[in-house]
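K.L.:
At position 155 of the sequence shown the residue is numbered 154 (numbering that gives the first Met the number 0), and the sequence of numbers has no breaks.
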Amino acid sequence: MHSPFRHAGSIFRKGRPIHLTFFVTRKCNLTCPFCFYLRSKEEEARGASEELSLDEIRRVSASLGRMLWIAFSGGEPFLRDDLAEIGRVFYEQNKPAVMLFPTNGSLPELIEEKTERILRECPNSVVVVKLSLDGIGEAHDALRLGRDSFSKTMETCSRLGRLIARYPNFDLGINTVFSAANEDRMDEIIEFARGLEHVKTHTISMVRGDLADESFLRADVRKYERAASRLAENMRQGRSPHYRFRGGRLKAAQDILQRRLIHRTAVEKRRVVPCWAGRLNVVLSETGEVFPCEILTESLGNVRDNGYDVRRVLRSEMAGNAVRAIREGRCHCTHECNFIMNILFNARLYPALFGEYLRLGGGERPALRP
Ligand code: SF4
Numbered sequence: 000m001h002s003p004f005r006h007a008g009s010i011f012r013k014g015r016p017i018h019l020t021f022f023v024t025r026k027c028n029l030t031c032p033f034c035f036y037l038r039s040k041e042e043e044a045r046g047a048s049e050e051l052s053l054d055e056i057r058r059v060s061a062s063l064g065r066m067l068w069i070a071f072s073g074g075e076p077f078l079r080d081d082l083a084e085i086g087r088v089f090y091e092q093n094k095p096a097v098m099l100f101p102t103n104g105s106l107p108e109l110i111e112e113k114t115e116r117i118l119r120e121c122p123n124s125v126v127v128v129k130l131s132l133d134g135i136g137e138a139h140d141a142l143r144l145g146r147d148s149f150s151k152t153m154e155t156c157s158r159l160g161r162l163i164a165r166y167p168n169f170d171l172g173i174n175t176v177f178s179a180a181n182e183d184r185m186d187e188i189i190e191f192a193r194g195l196e197h198v199k200t201h202t203i204s205m206v207r208g209d210l211a212d213e214s215f216l217r218a219d220v221r222k223y224e225r226a227a228s229r230l231a232e233n234m235r236q237g238r239s240p241h242y243r244f245r246g247g248r249l250k251a252a253q254d255i256l257q258r259r260l261i262h263r264t265a266v267e268k269r270r271v272v273p274c275w276a277g278r279l280n281v282v283l284s285e286t287g288e289v290f291p292c293e294i295l296t297e298s299l300g301n302v303r304d305n306g307y308d309v310r311r312v313l314r315s316e317m318a319g320n321a322v323r324a325i326r327e328g329r330c331h332c333t334h335e336c337n338f339i340m341n342i343l344f345n346a347r348l349y350p351a352l353f354g355e356y357l358r359l360g361g362g363e364r365p366a367l368r369p
C-alpha cells in the first residue's frame, strides 16, 4: 500500500502540497440548494467545454509529486466520463495513500461500474466513496430536489457494499451536510446510517459557502455539537465501525477532535488552529484555476498559463501574498478537508489527538494487506 507515513516530514516542513482537491467537473444531475458549487446553467455549459482534458490533467499531476490524499469532487464527479482514467493518472504519478470520491449517489450503475474499475486499477491506494445522505426518504429527496434520490442512493449503497468483500482497499462511507434544514433530524440520520450494512463511517460537514438561499446557513451550533457528541459516543462504545484501512483508529480519533475544533471555530467565530492552505492543501478547478482552499475564491493563477505546473503557480507573488494572509490568520472557516491536515500535521495537537485515540478503545478493523 502507498504509506501515509512517507509524508511525516510535512509535520515539520510545510514546503509543498500533499493534499489536492480536484473539482473534475461542475456538471451535476441534481440542484441541491445548499451546494456551494451551484452555478447557472449557462456557466455550467461553458465550464463543461473548458474542462481540463485528460492530457492536460496528466501534465498537472506530473507537476505535483507524491501526494498523501486526493479528493475528486464536483459537481457530480461520476458524471465525468473519464473519471476512472483521471483516477489512474493520479494513482500512477502521485501514489496517493487515499483517493476520495464524494458523490450524490443517484446514479447507481454508473457509480458501481466506475468505482469497481478504480478499485481494480488502483490497488495500492485506499479508495473511499462517500455517499451524501441528508435525510431519510422524502426528507432527503426534498433537500436534494431529486425525485427518488433517496432510493437511488440506497441502491448505490447496496451495489457498492458488494464490492467491500472483493476489494480490501475499499472504504464506503456516508456524509451528511449539517444545515438548518436537517439539524433537528440528526439523531434519526445518524442511527439510520449506523444501521446500513457495509457502511464503515458516517461524517458530517457543516454547511458552508456563498449560498443562493442563506437560510440553510443558519444552523444551530449547539445542535452540531450534539450530533458530533453522538457520533463520537457511538464510536467510543463500539456501536459504529471504524475505517477499514491501517491507521483507521487514528483517523477516527482525528474525526472526533476535528468536530470539537469545528464547533469551537463556529462558536468563537475565529481561527482556533493554524491553517496550512496553500502550503499542504491546494484546490484545482475543472478549468485549471488554482486556489489555496475551497473558501477563498480568488484564483492564484491558471495551470494553462503556467505550463500545467501547480508548484509554479504556488511560487507566484500572488500565491505568496495569499499564504502570508492565511498565516496571519485573516480568515477562518469550518471546512473539514483543511481541518484534517491542520490536525494531522500539527504536533501541538497530538496530546489531544492521542487522548481521543485512547478513548476509542478497541474496534479497529483488520489492516489491509501489506
Ligand atoms: S482558514 Fe479556511 S478560509 Fe482560511 S485559508 Fe484555511 S481553509 Fe481557507
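Every residue gets a Cβ at the ideal spot worked out from N, C-alpha and C, and that includes glycine.
Contact check, R270 vs G328 under 8 Å by CB: the rounded distance?
P.N.:
About 5 Å; that satisfies the 8 Å criterion.
K.L.:
Under 8 Å, do R238 and L359 count as touching if we go by C-beta distance?
P.N.:
No, they are not a contact pair.
K.L.:
Round the Cβ separation of P95 and M66 to the nearest angstrom and send it over; I've been treating them as touching at under 8 Å.
P.N.:
With 8 Å as the limit, P95 and M66 qualify as a contact, their Cβ atoms being about 5 Å apart.
K.L.:
CA-CA distance, I10 and T24?
P.N.:
C-alpha separation (whole angstroms): 32 Å.
K.L.:
What are the residues that DSSP puts in a beta bridge with P101?
P.N.:
Answer is K129.
K.L.:
Count the other CB atoms within 10 Å of the CB of T114; is the residue buried (16 or more) or exposed (fewer)?
P.N.:
Buried, since its Cβ has 16 or more Cβ neighbours within 10 Å.
K.L.:
Please classify T152: does DSSP put it in a helix, a strand, or coil?
P.N.:
Three-state DSSP puts T152 in a helix.
K.L.:
Rank E49, P3 and L29 by C-alpha distance to the C-alpha of T286 and give the top, closest one.
P.N.:
Ranking the options by Cα distance to T286, first place goes to E49.
K.L.:
Do K129 and L82 have their C-beta atoms within less than 8 Å of each other?
P.N.:
No, Cβ-Cβ distance for K129 and L82 is not below 8 Å.
K.L.:
Exposed or buried, what is D183 when buried is set at 16 or more other beta-carbons lying within 10 Å of its beta-carbon?
P.N.:
The residue in question, D183, is exposed, as its Cβ has fewer than 16 Cβ neighbours within 10 Å.
K.L.:
Please indicate yes or no: does the CB of L295 lie closer than 7 Å to some heavy atom of ligand 1?
P.N.:
Because some heavy atom of ligand 1 lies under 7 Å away, the Cβ of L295 counts as near it: yes.
K.L.:
Do P240 and K199 have their CB atoms nearer than 8 Å?
P.N.:
Contact flag set, yes.
K.L.:
Going by C-alpha distance, which of I85, G160, F169 and D186 is nearest D54?
P.N.:
When only C-alpha atoms are compared, the closest one is I85.
K.L.:
Ligand 1 and R270: does any heavy atom of the ligand fall closer than 7 Å to the residue's C-beta?
P.N.:
For ligand 1, at least one heavy atom lies less than 7 Å from the Cβ of R270.
K.L.:
Across which residues does DSSP place N174 in a beta bridge pair?
P.N.:
Partner(s): S131 and T202.
K.L.:
Is the separation between the beta-carbon of G172 and that of T152 shorter than 8 Å?
P.N.:
Not closer than 8 Å, so no.
K.L.:
Kindly list the residues whose CB is nearer than 6 Å to the CB of A351, restricted to its own chain and excluding five residues on each side of it in sequence; keep chain order.
P.N.:
L256.
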